[in-house]
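Visitor: Count along the sequence shown from 1, then add 436; that gives the number in the numbering used here.
All residues carry an ideal CB built from backbone N, CA and C; glycine is no exception.
Computed from a predicted model, the values in this text were never measured in an experiment.
So that we are looking at the same thing, I have put the structure below in structure tokens.
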Amino acid sequence: MFSEEPELEFCAACGEERDIFEFLEDGSNLFATYCQPCRRTHIKEWIKEHPKEVKAHALDHQHRRRAESFGGKTESVDRFKVFQRDEGACYLCGGMVDPENWHLEHKIPLSKGGSHTYENVGVSHPECNISKGTKVA
Ligand SMILES: [Zn+2]
Ligand SMILES: [Zn+2]
Numbered sequence: 437m438f439s440e441e442p443e444l445e446f447c448a449a450c451g452e453e454r455d456i457f458e459f460l461e462d463g464s465n466l467f468a469t470y471c472q473p474c475r476r477t478h479i480k481e482w483i484k485e486h487p488k489e490v491k492a493h494a495l496d497h498q499h500r501r502r503a504e505s506f507g508g509k510t511e512s513v514d515r516f517k518v519f520q521r522d523e524g525a526c527y528l529c530g531g532m533v534d535p536e537n538w539h540l541e542h543k544i545p546l547s548k549g550g551s552h553t554y555e556n557v558g559v560s561h562p563e564c565n566i567s568k569g570t571k572v573a
């Protein structure tokens, strides 16, 4: 019935055969095909090399929690996708923003029950954002 042999799979990073349980079923994970030790090191390196994405991810979580606390809908919003969608144009004044310095703005503020969803966010200049006068942080 059961074989004594563990099921093995090759790690995409080190190329060694490892027990299949070390791999992730979640194929959307960047390192699903890496063995456990390889995944640990690569995640560490990835975090070091992608501070912007890591920060954006943390901020996304903050926004979701804030929206939820005010009863707004939430979804995971990738700010880089929003930037692409809006083609880098500020939704308040229509001007181009600095790709290194722009705000992901909630059109209906979260504090007013606005949702943290693609629909309710736009690219904005930090200045336009402040003059709109709804943002505290
Ligand atoms: Zn490996
Ligand atoms: Zn603007």
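Take every Cβ of the segment 554 to 561, pair it with every Cβ of the segment 530 to 541, and state whether three or more of those distances are shorter than 8 Å.
Guide: Yes, the segment 554 to 561 touches the segment 530 to 541.
Visitor: At a cut-off of 7 Å, would you count Pro-473 as near ligand 1, judging by its Cβ distance to the nearest heavy atom?
Guide: Against the sequence shown, residue 473 aligns to sequence position 37. Checking the Cβ of Pro-473 against ligand 1 gives yes.
Visitor: Mark Phe-459 as exposed unless 16 or more other C-beta atoms lie within 10 angstroms of its C-beta, in which case mark it buried.
Guide: As a working note, residue 459 is residue 23 in the sequence shown. Buried, because 16 or more other Cβ atoms sit within 10 Å of the Cβ of Phe-459.
Visitor: When every heavy atom of ligand 2 is checked, does at least one fall within less than 7 Å of the C-beta of Gly-531?
Guide: To locate residue 531, count along the sequence shown from 1; it is residue 95. Checking every heavy atom of ligand 2 against the Cβ of Gly-531, one is found closer than 7 Å.
Visitor: Provide the residue span of the beta strand (DSSP E) that contains Leu-495, from first to last.
Guide: On the sequence shown, residue 495 is found 59 positions in, with the first residue counted as 1. Here Leu-495 belongs to no beta strand (DSSP E); instead the alpha helix (DSSP H) covers 487 to 505.
Visitor: With respect to 7 Å, is the separation between the Cβ of Leu-528 and the closest non-hydrogen atom of ligand 2 below this value?
Guide: Taking the sequence shown and counting its residues from 1, the one referred to as residue 528 is at position 92. Result yes, Cβ under 7 Å from ligand 2.
Visitor: Can Glu-485 be considered in contact with ligand 1, in the sense that its beta carbon sits closer than 7 Å to one or more heavy atoms?
Guide: Taking the sequence shown and counting its residues from 1, one reaches residue 485 at position 49. Checking the Cβ of Glu-485 against ligand 1 gives no.
Visitor: Using C-beta distances below 7 Å, list every residue in its chain close to Gly-524, excluding the 5 sequence neighbours before and after it, in chain order.
Guide: Numbered from its first residue, the sequence shown carries residue 524 at position 88. Taken in chain order, the residues that qualify are Met-532, Val-533, Pro-535, Val-559.
Visitor: Considering Val-559, what are the terminal residues of the beta strand (DSSP E) in which it resides?
Guide: Locating residue 559 in the sequence shown gives position 123, where the first residue counts as 1. Per DSSP, Val-559 belongs to the beta strand (DSSP E) from 557 to 560.
Visitor: Going by Cα to Cα distance, which pick from Asp-455, Ala-449, Glu-541 is closest to Leu-402?
Guide: As displayed, the chain neither begins before 437 nor continues past 573, which places residue 402 out of reach and without an answer.
Visitor: Name the DSSP bridge partner or partners of His-478?
Guide: On the sequence shown, residue 478 is found 42 positions in, with the first residue counted as 1. BP columns for His-478 are empty, so no partner.
Visitor: Among the residues of its own chain, which have a CB less than 7 Å from the CB of Cys-526, if the five just before and after it don't count?
Guide: Here residue 526 is taken as the residue at index 90 of the sequence shown, counted from 1. If we look at Cys-526 and ignore the five residues flanking it on each side, its Cβ neighbours are Val-533, Val-559, Ser-560, His-561, Cys-564.
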